[in-house]
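Below: the structure, in structure tokens.
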Amino acid sequence: MLRLCIAGILFILICGCSNEDEVVKSTNIGSFHHIESFSSDYVESRPVDIWLPHGYEKNTDQHYPVMYLHDGQFMFDQPTSPFNKGVLMKFYKLYAKLRYGTGFFWDIDKIVSQLIENGKIQPVILASVWNLPDTKRRTEYMPQKMITEEIASSFLHKESDIRRDEITSDKYLSFLVKELKPYVDQNYRTKPDQKNTFIMGSSMGGMISAYAISEYPEIFGGAACLSTHWPLGGNSVTSWYENHWPSAGDHKIYFDRGTVGYDSTYEPGQAHMDSIMEKNGFMRDDDWKSLVFEGEDHLASSWRKRLHIPLEFLLNPDN
1 MLRLCIAGIL
11 FILICGCSNE
21 DEVVKSTNIG
31 SFHHIESFSS
41 DYVESRPVDI
51 WLPHGYEKNT
61 DQHYPVMYLH
71 DGQFMFDQPT
81 SPFNKGVLMK
91 FYKLYAKLRY
101 GTGFFWDIDK
111 IVSQLIENGK
121 IQPVILASVW
131 NLPDTKRRTE
141 YMPQKMITEE
151 IASSFLHKES
161 DIRRDEITSD
171 KYLSFLVKEL
181 KPYVDQNYRT
191 KPDQKNTFIM
201 GSSMGGMISA
211 YAISEYPEIF
221 GGAACLSTHW
231 PLGGNSVTSW
241 YENHWPSAGD
251 HKIYFDRGTV
261 GYDSTYEPGQ
271 AHMDSIMEKN
281 GFMRDDDWKS
291 LVFEGEDHLA
301 SSWRKRLHIP
311 LEFLLNPDN
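Listed below in structure tokens is the structure:
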């Protein structure tokens with residue numbers, strides 16, 4: 001999480017922003033559309049990346065499910081990435097590559113393309129939403145309705161610099177559901193129904209993904225929550241879901257965690273969430289998964305390594 005914040009700060013300090021949209025195409029791994037500033041009535045404008053699978057331009061009768069992604073600047077290693085602009089940022093990218101193996105990026109376009117080619121998943125459109133830097137990211141991703149003033153004063157202020165009156169996750173979800181999704185459905189050949197609309201993120205991106213499917217179960221048919229940062233907010237977050245969780249049979253939910261770094265603190269919260277899944281009638285390995293990856297840290301390199309698992313679970317071609 002700290003690394004994401006540092007990257008966001010460096011991005012603001014160093015990278016200039018263009019007002020023009022850019023399109024970067026690759027015949028091997030699909031088409032990449034970069035929107036530099038997606039305006040909103042709910043949240044601050046920010047870049048959004050749309051990735052289309054290989055064959056989208058030719059298969060004009062085919063429509064596709066859509067997966068919405070958080071922390072979007074870390075999804076694709078493209079020229080539009082902040083880590084590919086400026087000497088210092090390129091050095092920072094190289095340093096991360098040498099230290100962490102795969103660096104900052106999930107390389108989700110490469111992974112999805114390989115899974116599609118191997119028949120492991122349905123062809124899918126990816127809508128990748130960039131985060132805002134530092135505290136603003138956390139205020140957009142922190143689930144809002146369960147944080148009462150009492151909880152905020154007793155726990156949240158002690159563990160984080162987030163203030164209750166600054167949390168904007170409800171507005172962020174309104175942006176996704178009421179502005180971005182209609183734009184994607186209007187401009188691309190999507191399958192707009194609930195069973196073909198998914199959301200995924202890691203860390204606090206996992207928190208907001210779980211919150212999204214609980215708040216908009218009629219919109220999202222599946223959610224992948226990697227290394228969900230349950231400790232932030234204490235038991236208030238998971239306890240709230242006891243009475244605010246989508247129905248079993250209509251949704252697919254994926255959770256996981258590692259055992260190193262931040263992930264080493266996630267077991268109690270995830271265990272509570274797993275019990276909620278069982279009480280709500282979800283069947284493990286059928287419409288719900290909760291996995292533990294021994295020795296894996298809170299890093300993009302760890303998430304990239306196992307990314308195929310939630311993708312295959314949610315986008316199974318036999319569904």
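Using the numbering used here, read the sequence shown as starting at 1 and increasing by one per residue. C-beta: ideal position from N, C-alpha, C; glycine also.
Item: The alpha helix (DSSP H) that contains Lys279, what's its start and end?; Value: Glu267 to Lys279
Item: Among Arg257, Ile167 and Ala210, which one has its Cα closest to the Cα of His70?; Value: Ala210
Item: Confirm, please, whether the CB-CB distance from Lys171 to Tyr42 is below 8 Å.; Value: yes
Item: Who does Arg257 pair with in a DSSP beta bridge?; Value: Val292
Item: Helix, strand or coil for Ile206, going by three-state DSSP, please let me know.; Value: The residue you asked about is not Ile; residue 206 is Gly in the sequence shown. Correct three-state label for Gly206: helix.
Item: Which residues share a DSSP beta bridge with Asp49?; Value: His34 and Ser128
Item: What residues in its chain sit with their C-beta under 7 Å from that of Glu218, if we drop five residues either side in the sequence?; Value: Gln194
Item: Could you give the DSSP three-state label for Ser301: helix, strand or coil?; Value: helix
Item: Would you call Ser275 buried or exposed, if buried means 16 or more other Cβ atoms sit within 10 Å of its Cβ?; Value: exposed
Item: Can you have a look at Asn59 and say buried or exposed, based on whether 16 or more other CB atoms are within 10 angstroms of its CB?; Value: exposed
Item: Which word fits Ser39, buried or exposed, when buried means at least 16 other C-beta atoms lie within 10 angstroms of its C-beta?; Value: exposed
Item: Taking Gly295 as the reference, give the member of Gly269, Ser264 and Lys110 with the closest Cα.; Value: Ser264
Item: Roughly how many whole angstroms lie between the Cα atoms of Asn243 and Met273?; Value: 12 Å
Item: Applying the criterion that 16 or more other CB atoms from any shown protein chain within 10 Å of the CB defines a buried residue, is Gly221 buried or exposed?; Value: buried
Item: Please go through the same chain and pick out, in chain order, the residues whose beta-carbon is closer than 6 Å to the beta-carbon of Leu226, but skip the five residues on each side of it.; Value: Ser202, Gly206, Asp256 and Trp303
Item: Going by C-alpha distance, which of Asp285, Phe293 and Ser301 is nearest Phe313?; Value: Asp285
Item: Count the other CB atoms within 10 Å of the CB of Glu57; is the residue buried (16 or more) or exposed (fewer)?; Value: exposed
Item: For Tyr64, does the three-state DSSP call read helix, strand or coil?; Value: strand
Item: Which residue marks the beginning of the beta strand (DSSP E) containing Leu226, and which one marks its end?; Value: Gly222 to Leu226
Item: Cα separation between Pro123 and Pro53?; Value: 6 Å
Item: Among residues of its own chain, excluding the 5 on either side of Trp130, which ones have a beta-carbon nearer than 6 Å to its beta-carbon?; Value: Arg46, Pro47, Gly72 and Gln73
Item: If you run the structure through DSSP and keep just helix, strand and coil, what is Arg284?; Value: strand
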